[in-house]
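First comes the structure, then the notes that go with it.
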Amino acid sequence: MNRLIAACDGSDPGRLRDRAIVLLLVRLGLRAGDVAQLRLKDIDWNRGTLQVIGKGRYQVRLPLPQDVGDAMLGYLERRPTISDTDCVFVRSIAPYRPFASGDGVSSVVKHALQRARIEIPDKGAHLLRHTAATEMLRNGVPWSRPASSFVTAAST
Numbered sequence: 319m320n321r322l323i324a325a326c327d328g329s330d331p332g333r334l335r336d337r338a339i340v341l342l343l344v345r346l347g348l349r350a351g352d353v354a355q356l357r358l359k360d361i362d363w364n365r366g367t368l369q370v371i372g373k374g375r376y377q378v379r380l381p382l383p384q385d386v387g388d389a390m391l392g393y394l395e396r397r398p399t400i401s402d403t404d405c406v407f408v409r410s411i412a413p414y415r416p417f418a419s420g421d422g423v424s425s426v427v428k429h430a431l432q433r434a435r436i437e438i439p440d441k442g443a444h445l446l447r448h449t450a451a452t453e454m455l456r457n458g459v460p461w462s463r464p465a466s467s468f469v470t471a472a473s474t
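Counted from 1, the sequence shown has number 428 at position 110 by the working numbering; the numbering is strictly sequential.
Have a look at this one:
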């Protein structure tokens, strides 16, 4: 995963966005749709948490790891100015609009994998969710917990 994250290095808004998205997927195991729907109001910078509304409209507040928070802040400081949306992530090409769905997030992952020269059959964002789950299991998070508990326990 380090190679994939490194493929998102750079100071232009597109690379900063890609890094923040990849870190959210890798560190928190979020779904592509969760990332696409993330709003500015979902981030509590003071508490270092992130609220996600996942499948079934289930809300969960997750700890925001330092590297993920730093990447998100770096992107938000350079993100194209858009007055009519509170979405965190937007397309990197004009017209700057929020992603319509998780497909845009999966496209970011696909391009980052290409830049990293990582050849795998499944090139979408879901691959990183599996990677995050595997890493959580390696770190001793029990398998029997609900998915939201996996994320919370592994992120602390």
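All C-beta atoms, glycine included, are put in the ideal place defined by N, C-alpha and C.
- The beta carbon of Thr367 sits closer than 7 Å to the beta carbons of Arg379, Leu380, Pro381, Leu382 from its chain, once the five residues preceding and following it are set aside; these are given in chain order.
- Val408 carries a strand assignment under DSSP once its states are collapsed to helix, strand and coil.
- Under the three-state reduction of DSSP output, Leu380 falls in the strand class.
- If you draw a straight line from the Cα of Ser410 to the Cα of Lys428, it comes to about 15 Å.
- With fewer than three CB-CB distances shorter than 8 Å, the region 358-367 does not count as touching the region 335-349.
- By the 16-neighbour rule on beta-carbons within 10 angstroms, Ser424 is buried.
- The C-beta separation of Asp336 from Val426 comes to about 5 Å, placing the pair in contact by the 8 Å criterion.
- Distance from Ile436 to Tyr414 at the Cβ level is roughly 28 Å; contact not present, criterion being Cβ atoms closer than 8 Å.
- Gln369 and Arg333 have their C-alpha atoms spaced approximately 24 Å apart.
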